[in-house]
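71 is the number of the first residue of the sequence shown in the working numbering; add one for each residue after it. Where is the CB? At the ideal position from N, CA and C, for every residue including glycine. Notes for the one structure printed next.
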Amino acid sequence: MKFFKLILSIFFAHNIAFAYFNEHIDYAKDINILKNLDIDPHYIKDPDFLKLKEKQGIEYKKHLMRAIKEQYANIVLVQEALKDEEIPDEMLYLAVVESGLRNKATSRQGAAGVWQLIPRTAKTMGLKVQGNIDERRDPVASTKAAAKYLKMLNEKFGKWYLAILAYNCGEGALRRAITRAGSDDLRVLLNAQKRYLSKETRNFVRKIIITAQIAEDLNQVVSSGYGLFNNPNISNDALKNEAIKNATHLALKGLRSYKVRKGDTLMDISRKFRTSIKALMIANDMQNTSLTTGVNLVIPKK
Numbered sequence: 071m072k073f074f075k076l077i078l079s080i081f082f083a084h085n086i087a088f089a090y091f092n093e094h095i096d097y098a099k100d101i102n103i104l105k106n107l108d109i110d111p112h113y114i115k116d117p118d119f120l121k122l123k124e125k126q127g128i129e130y131k132k133h134l135m136r137a138i139k140e141q142y143a144n145i146v147l148v149q150e151a152l153k154d155e156e157i158p159d160e161m162l163y164l165a166v167v168e169s170g171l172r173n174k175a176t177s178r179q180g181a182a183g184v185w186q187l188i189p190r191t192a193k194t195m196g197l198k199v200q201g202n203i204d205e206r207r208d209p210v211a212s213t214k215a216a217a218k219y220l221k222m223l224n225e226k227f228g229k230w231y232l233a234i235l236a237y238n239c240g241e242g243a244l245r246r247a248i249t250r251a252g253s254d255d256l257r258v259l260l261n262a263q264k265r266y267l268s269k270e271t272r273n274f275v276r277k278i279i280i281t282a283q284i285a286e287d288l289n290q291v292v293s294s295g296y297g298l299f300n301n302p303n304i305s306n307d308a309l310k311n312e313a314i315k316n317a318t319h320l321a322l323k324g325l326r327s328y329k330v331r332k333g334d335t336l337m338d339i340s341r342k343f344r345t346s347i348k349a350l351m352i353a354n355d356m357q358n359t360s361l362t363t364g365v366n367l368v369i370p371k372k
């Protein structure tokens, strides 16, 4: 899924988005999401899955929209970091569910960063977590570590959805669940009556699937222009035109990232990438032109 190329444009149309998101668009793409995660396509009709989607779908949409609106720079950085890791695109939504893509997110259990890694796992995957240094809060470094961890879990359990479950509940808990269930089939493991896994873990994988489906719908809405041109609930032409202009700008030109080096200035970077200082500041939500060495900046492409 080309997440950020189209989904970021929703940021500019945030106030008009919910008027048309209740209409589902492409059933086939939902099946493809399941296949990418090694899930039987028939799971799309699972009663518990559909019940959660109906009950919490609107809240998940709001959570995704908030992440897009507030953390769109991180979407670019995470997307680029995942690009060469050979894991399903849908894993991006694991981070959305875990933290809303917030670097500062911290759990009561001590998990931190975009991927909510605990210190032990982070250190095992090569991150520095010591004193004032916590690379779990670096979106690029933590993404590479999370991808490494997910690939390791996939190698151990053989399926991506099992890697997701283990990511949430731990390897030991998942192995015990599979042993008790006598199967690693997703529908069996998520049986609410048998409680092979906690409710949190059961809903964790469902949330990721539902969020991926919502994001895919948003992609189609923006690419088709449905919501912007055909929605009768949108009467403010100025708002509509501004959203279209910005959506088109981002969709066509795209984004990339650059790690700030010692001595860099915003002027130097703008010249290097043939963009404007204003464009850089807008893309990175900067209040002034000061830079911090080692920080990743979003660079609008020409």
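Here the stretch 186-201 makes contact with the stretch 212-219; the two share three or more CB pairs at distances below 8 Å.
The way I'd put it, the stretch 166-183 does touch the stretch 130-140; three or more beta-carbon pairs between them come closer than 8 Å. For residue 109, the secondary structure class from DSSP, reduced to helix, strand or coil, is coil.
The continuous beta strand (DSSP E) containing residue 370 extends over residues 366-370. DSSP places residue 135 in the uninterrupted alpha helix (DSSP H) bounded by 117-153. The Cβ atoms of residue 116 and residue 257 sit closer than 8 Å to each other.
At the C-beta level, residue 98 and residue 354 stay beyond 8 Å of one another. In the structure shown, residue 328 falls within a strand segment according to DSSP collapsed to helix, strand and coil. In the DSSP annotation of this structure, the continuous segment of the alpha helix (DSSP H) that includes residue 189 starts and ends at 189-194. Taking the C-beta atoms as reference points, residue 358 is found no nearer than 8 Å to residue 147. Cβ-Cβ separation between residue 106 and residue 155: approximately 14 Å, too far for a contact (criterion under 8 Å). Between the beta-carbon of residue 164 and that of residue 234 there is about 6 Å, and that keeps the pair under the 8 Å contact cut. DSSP places residue 242 inside the alpha helix (DSSP H), whose first and last residues are 241-251. Under the three-state reduction of DSSP output, residue 182 falls in the strand class. Excluding sequence positions up to five before and after residue 180, its CB lies within less than 8 Å of the CB of 188 and 189, all in the same chain and listed in chain order. When the five nearest sequence neighbours on each side are left out, the beta carbons in the same chain lying within less than 7 Å of the beta carbon of residue 276 are those of 119 and 122, in order along the chain.
Each of 274, 261 and 282 was checked against the Cα of residue 101, and the nearest Cα belongs to 282.
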